[in-house]
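**Q** The structure follows.
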Amino acid sequence: MAEPSRQDPTNAEVADALEELADLYELDGAVIHRISAYRNAAKAVRGASVSVTALARAGRATELAGVGATIQEKIRALADEGEIPARAKLTAKYPPGLVAMTRLPGLGPKRARRLFDELGIDGLPGLRTAAMEGQIQALKGFGAKAEAAILEALDAYEAEGPRRRVLLDRALAVGEELVTAIAAHPAADRVALAGSARRMTETVKDLDIVATATDPAALTRAAAALELVASASTPGENAVRLRTHSGLEVDLRIVEPDQFGNVLQHLTGSKEHNVNLREYAVRRGLHVSEYGILDDATGLTHRCATEAEVYARLGLDYIEPELREGRGEVRLAAEHRLPELVSVADLRGDLHAHTTASDGTASVAEMAAAAAAAGYEYLAITDHSASMGFGADLSASALAEHITAIRGTEVDGIELLAGSEVNILPDGSLDYPDELLAELDWVIASVHTSFALSEAAMTARIVAAIEHPYVDCIGHLSGRRLDRRPGYALDLEAVLAAAAATGTLLEINANPVRRDLSESWAAAAAAAGILIVINTDAHRTDGFDVNRYGVATARRAGLGPAEIANSRPWRQLRRELPSQRARRRVT
Ligand code: DGT
Ligand code: CA
Ligand code: CA
Ligand code: ZN
Numbered sequence: 016m017a018e019p020s021r022q023d024p025t026n027a028e029v030a031d032a033l034e035e036l037a038d039l040y041e042l043d044g045a046v047i048h049r050i051s052a053y054r055n056a057a058k059a060v061r062g063a064s065v066s067v068t069a070l071a072r073a074g075r076a077t078e079l080a081g082v083g084a085t086i087q088e089k090i091r092a093l094a095d096e097g098e099i100p101a102r103a104k105l106t107a108k109y110p111p112g113l114v115a116m117t118r119l120p121g122l123g124p125k126r127a128r129r130l131f132d133e134l135g136i137d138g139l140p141g142l143r144t145a146a147m148e149g150q151i152q153a154l155k156g157f158g159a160k161a162e163a164a165i166l167e168a169l170d171a172y173e174a175e176g177p178r179r180r181v182l183l184d185r186a187l188a189v190g191e192e193l194v195t196a197i198a199a200h201p202a203a204d205r206v207a208l209a210g211s212a213r214r215m216t217e218t219v220k221d222l223d224i225v226a227t228a229t230d231p232a233a234l235t236r237a238a239a240a241l242e243l244v245a246s247a248s249t250p251g252e253n254a255v256r257l258r259t260h261s262g263l264e265v266d267l268r269i270v271e272p273d274q275f276g277n278v279l280q281h282l283t284g285s286k287e288h289n290v291n292l293r294e295y296a297v298r299r300g301l302h303v304s305e306y307g308i309l310d311d312a313t314g315l316t317h318r319c320a321t322e323a324e325v326y327a328r329l330g331l332d333y334i335e336p337e338l339r340e341g342r343g344e345v346r347l348a349a350e351h352r353l354p355e356l357v358s359v360a361d362l363r364g365d366l367h368a369h370t371t372a373s374d375g376t377a378s379v380a381e382m383a384a385a386a387a388a389a390g391y392e393y394l395a396i397t398d399h400s401a402s403m404g405f406g407a408d409l410s411a412s413a414l415a416e417h418i419t420a421i422r423g424t425e426v427d428g429i430e431l432l433a434g435s436e437v438n439i440l441p442d443g444s445l446d447y448p449d450e451l452l453a454e455l456d457w458v459i460a461s462v463h464t465s466f467a468l469s470e471a472a473m474t475a476r477i478v479a480a481i482e483h484p485y486v487d488c489i490g491h492l493s494g495r496r497l498d499r500r501p502g503y504a505l506d507l508e509a510v511l512a513a514a515a516a517t518g519t520l521l522e523i524n525a526n527p528v529r530r531d532l533s534e535s536w537a538a539a540a541a542a543a544g545i546l547i548v549i550n551t552d553a554h555r556t557d558g559f560d561v562n563r564y565g566v567a568t569a570r571r572a573g574l575g576p577a578e579i580a581n582s583r584p585w586r587q588l589r590r591e592l593p594s595q596r597a598r599r600r601v602t
C-alpha cells in the first residue's frame with residue numbers, strides 16, 4: 016500500500032507543535048498561564064474530530080475551547096509556511112539537544128533547563144554520560160532515584176522511539192465514529208471494530224475495522240473520502256489504510272459475508288490468542304486461519320459468517336474479546352470453565368465522585384442527577400480532604416457542613432452517601448480526625464502527594480491506611496498515569512495481604528488515564544479474596560461515562576459481578592464494609 020499522501024498538518028501534528036511551543040516557553044522561563052494556554056489548546060486540537068487546520072483557515076478554530084485568535088494565527092502559519100515563527104525563534108535560541116531533553120518522559124523543560132544551566136548538559140548523549148557518572152544525583156532536588164529514572168527513560172526512548180500509543184478512550188471515540196460513518200454508506204453491510212480496541216486494551220497502536228459490502232471498492236473509496244479521515248492510502252478492491260485527524264491509523268478490510276466471522280476473529284487477536292487457538296485446533300485435526308477452518312479429515316475449508324460459529328466449530332465456549340490475550344483462556348473455554356464477566360449493566364452504584372466542594376465542576380444535586388441518568392441506584396460524594404493544595408479543599412469543619420448538605424439533598428431515583436476521598440499523608444496518617452471519619456457512610460483513602468518514597472516507606476504508608484478502622488477502600492492504588500508516569504514503588508503482596516486481612520476494598524479507578532488497579536493487579540487482588548469496586552472518580556456530570564473502561568479492566572482480569580462490590584445493592588454492601596464493623600465495635 017502507498018503511504019498516506021502529504022497534506023495539511025494533521026491535528027496530531029498541530030497539537031505536537033503547540034505542545035512543543037509550550038515546552039519551549041517553559042524552557043525560556045515564560046509565565047505559567049502562557050505555557051498552560053498552549054498546552055490546553057494542544058489538548059483541544061488533539062481531541063477535535065475535524066481538521067483544525069481547515070477550521071483555522073476559515074477563521075473558525077476559535078470555536079474550540081482554549082483556542083483564541085493568537086493561537087489560530089499560529090496554526091495558520093504552521094499550515095501555510097510550515098512553521099510557527101515563535102517556535103523557530105525559540106528553537107534557534109537553545110541547543111537542539113536541549114529541546115530533545117525537554118521531551119524525555121519524566122524530565123520536562125524546567126529540570127532540563129537546570130541540567131543545562133548547572134551541568135552544561137545540552138543533549139541526550141551528554142545526559143546519559145552525566146547520569147552514568149553520577150553527576151546528576153549530586154544536584155539539589157534530583158537524587159539517585161531521579162538519576163536512575165533518567166537512565167531508564169533514555170533506554171525506553173532508544174528502544175521505542177518517540178512514537179506513542181493512543182489511550183483507549185481517544186481511540187474508541189474515533190473508532191466508533193468511523194464505524195458509524197462507514198456503516199451509513201449504502202454499500203456497507205456489517206461493520207465492526209476489531210484489534211486491540213475491541214479487546215479494550217489500555218492503549219492501542221492502530222485501529223482495525225472489518226466490514227462486508229455489496230460493492231467493496233465503492234466502500235473503500237468512500238471511507239477514504241470521509242470527513243473524519245485526514246489522508247489515506249490508494250483505496251484497494253477490499254482494503255484501505257486511513258489516517259484520522261488525530262494521526263491514528265486505521266486498517267479497513269472488506270470481506271465476503273460468509274467469511275466475516277473468521278476475519279473478525281483473526282483481526283481481533285490478540286496474536287498470542289490466535290497462536291493458542293491454532294495450536295489447540297491442530298491437535299483436533301483442524302487448521303484455523305482468517306480464511307476459514309480447514310478440516311484435515313475431509314480437506315474441506317469451512318467458512319464462518321459469525322465469530323460465535325468459529326469458536327463453536329472448534330468445540331470451544333465463546334471467548335469474550337477482553338479475555339483473548341493468550342493467558343490460558345483457550346484451555347478454560349475447552350473445559351467450559353471461563354469466568355462469567357461483569358458488565359456495565361451490573362453496576363448499581365458509584366463510590367467515588369467529586370463536586371465543587373473540591374475540584375469537581377458540578378453541585379451535589381447535579382452529580383446525583385447525572386449518576387441517576389447513568390443508571391446508578393446510589394452515589395457516594397467523595398470530595399478531597401484538606402491537604403491537596405487546591406483552592407477549595409475541605410477542612411474538617413467544612414466536611415462536617417458538607418455531610419449535612421449531602422444528607423439534605425434529595426434527588427429522585429438515587430441514594431446519596433456522604434463520603435470522602437481522604438489523603439494518605441506520607442507517614443500513613445489521614446487528614447481528618449477519627450470522630451469525623453466515623454460520621455461518613457464511606458471512606459476512600461488515596462495517595463496524591465509525595466510519590467518519591469522508597470518502596471518500604473510507600474508500602475508502610477498505604478498499609479497504615481488499610482489498617483485504619485474507618486477506611487473502607489484504597490483509591491487508585493498504584494498512582495500510575497498511563498500518559499505520564501508509572502506507579503510509585505510498592506510491595507503489592509504486602510498491600511494485598513493487609514487488605515485481605517482487614518476486609519478493605521480496592522478500587523479499579525475507571526478513568527482511562529488511570530485504569531488503576533491494572534488488570535493484573537485486579538486479578539491478583541480478587542484471587543486474594545479482596546472485594547473490588549469499580550469507580551469513575553467523576554469530576555463532572557459527564558464523568559460517569561468512563562465506567563466502561565473500569566469494567567473493561569475488570570473483564571480483562573476475568574472478574575464477575577460477585578467480585579465487584581458495587582454490583583451489590585448498597586444495603587447489602589454496607590454490611591461488608593470495614594468502617595461499619597469499626598463503628599459497631601465503638602457503639
Ligand atoms: P495494537 O498494537 O494495539 O494495534 O494491537 P492489535 O492486536 O490491534 O494488533 P495489530 O493491529 O497489529 O493486528 C490486529 C490483529 O491481527 C492482531 O490482534 C492479531 C492479528 N495479527 C496481526 N499480526 C499477526 C501475526 O503475525 N500472527 C497472528 N496469528 N495474528 C496476527
Ligand atoms: Ca490494531
Ligand atoms: Ca492493524
Ligand atoms: Zn478522586
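Under the numbering used here, residues 16 to 602 are what the sequence shown spells out, in order. Glycine included, each C-beta is placed from N, C-alpha and C at the ideal position.
When you compare the CB positions of Asp-446 and Ser-400, do they come within less than 7 Å of one another, or not?
**A** Contact: yes.
**Q** My output table needs one value for Trp-585: the three-state DSSP class, helix, strand or coil.
**A** Of the three classes helix, strand and coil, the one that applies to Trp-585 here is helix, per DSSP.
**Q** Against chain D, does Ser-582 count as a neighbour if the rule is that its beta carbon must be under 7 Å from one of theirs?
**A** The displayed structure is made up of one protein chain only, and chain D is not part of it.
**Q** Under the assumption that Leu-362 contacts Asn-562 (Cβ atoms under 8 Å), give the Cβ distance between them as a whole number of angstroms.
**A** With 8 Å as the limit, Leu-362 and Asn-562 qualify as a contact, their Cβ atoms being about 6 Å apart.
**Q** Could you check the C-alpha separation between Gln-152 and Gly-141 for me, to the nearest Å?
**A** Computed Cα separation, rounded: 15 Å.
**Q** In this structure, how does DSSP classify Asn-277 when only helix, strand and coil are distinguished?
**A** Asn-277 falls in the helix class under three-state DSSP.
**Q** Give a yes or no on whether the C-beta atoms belonging to Ala-513 and Ile-489 are separated by under 7 Å.
**A** Contact: no.
**Q** Closer than 6 Å: is that where the CB of Asp-552 sits relative to any heavy atom of ligand 4?
**A** Flag set: Cβ of Asp-552 near ligand 4.
**Q** Compare the Cα-Cα distances from Leu-452 to each of Gly-262, Val-437 and Asp-442 and report the closest residue.
**A** Closest option to Leu-452, Cα to Cα, is Val-437.
**Q** Starting from the Cα of Arg-143, find the closest Cα among Ile-165, Gly-156 and Phe-131 and give me that residue.
**A** When each option's Cα is compared against that of Arg-143, the closest is Ile-165.
**Q** Am I right that Ser-358 and Thr-370 are in contact with their C-beta atoms under 8 Å? What's the rounded C-beta distance?
**A** Not a contact, Cβ separation roughly 28 Å.
**Q** Rank Lys-108, Ala-296 and Pro-24 by C-alpha distance to the C-alpha of Ala-71 and give the top, closest one.
**A** Checked all of Lys-108, Ala-296 and Pro-24; the closest Cα to Ala-71 is Pro-24.
**Q** Please tell me whether Ala-168 and Leu-119 are closer than 7 Å, where the distance is taken between their beta carbons.
**A** Yes, these two residues count as a Cβ contact at 7 Å.
**Q** Are the beta-carbon atoms of Ala-254 and Arg-236 separated by less than 7 Å?
**A** Cβ distance not < 7 Å, so Ala-254 and Arg-236 don't count as in contact.
**Q** Helix, strand or coil for Asn-438, going by three-state DSSP, please let me know.
**A** Strand, per DSSP.
**Q** Do you know how far the Cα of Tyr-109 is from the Cα of Asp-38?
**A** The alpha-carbon atoms of Asp-38 and Tyr-109 are separated by roughly 12 Å.
**Q** So, helix, strand or coil for Glu-430, using DSSP?
**A** Here Glu-430 sits in strand by DSSP.
**Q** Going by C-alpha distance, which of Gly-443, Ser-410, Met-382 and Pro-448 is nearest Asp-427?
**A** The shortest C-alpha separation from Asp-427 is found at Met-382.
**Q** Measure the CB-CB distance between Val-510 and Ile-477 and report whether it falls below 7 Å.
**A** Yes. Within cutoff.
**Q** How would you call Leu-592, buried or exposed, if buried means at least 16 neighbouring beta carbons within 10 angstroms?
**A** It is buried - the Cβ of Leu-592 has at least 16 other Cβ atoms within 10 Å.
**Q** What are the boundary residues of the beta strand (DSSP E) that Gly-307 is part of?
**A** First-last of the beta strand (DSSP E) with Gly-307: 307-310.
**Q** In the DSSP assignment, the alpha helix (DSSP H) including Thr-85 goes from what residue to what residue?
**A** That run of the alpha helix (DSSP H) goes 84-96.
**Q** Please report the distance separating the alpha-carbon of Arg-185 from that of Gly-74.
**A** Cα-Cα distance, rounded: 26 Å.
**Q** Under 6 Å: does the beta carbon of Leu-282 sit that close to some heavy atom of ligand 1?
**A** Yes.
**Q** By Cβ distance, which residues of its chain are closer than 6 Å to Arg-54, with the 5 residues on each side in sequence left out?
**A** Taken in chain order, the residues that qualify are Ala-37.
**Q** Taking one C-beta from the region 334-341 and one from the region 564-578 each time, how about it: are there three or more such pairs within less than 8 Å?
**A** Short answer: they touch.
**Q** Our contact map puts Leu-455 next to Ala-433 with C-beta atoms below 8 Å; I'd like the distance itself, whole angstroms only.
**A** Their Cβ separation, rounded to whole angstroms, is 5 Å, which keeps Leu-455 and Ala-433 in contact under 8 Å.
**Q** If you draw a straight line from the alpha carbon of Leu-394 to that of Gly-210, how long is it in whole angstroms?
**A** Roughly 34 Å between the two C-alpha positions.
**Q** Have a look at the DSSP bridge pairing and note the partners of Gly-121.
**A** Answer is none; Gly-121 lacks a bridge partner.
**Q** Would you report the Cα separation of Arg-21 and Leu-588, rounded to the nearest angstrom?
**A** Its pLDDT being 45, under 50, Arg-21 is placed unreliably in this model, and the value from its coordinates should be taken loosely. The straight-line gap from Cα to Cα measures roughly 57 Å.
**Q** Would you report the Cα separation of His-463 and Arg-495, rounded to the nearest angstrom?
**A** Taking the straight line from one Cα to the other gives about 11 Å.
**Q** Contact between the region 277-285 and the region 40-53: three or more CB pairs below 8 Å?
**A** The region 277-285, when compared against the region 40-53, does not touch it at the 8 Å Cβ threshold.
**Q** Can you check the region 186-269 for any alpha helix (DSSP H) of at least 4 residues that lies completely inside it and give the ranges in chain order?
**A** The region 186-269 contains these whole alpha helix (DSSP H) runs: 210-214 and 231-239.
**Q** Measure the C-alpha to C-alpha separation of Gly-44 and Arg-129 and round it to an integer number of angstroms.
**A** Their backbone Cα atoms lie some 11 Å apart in a straight line.
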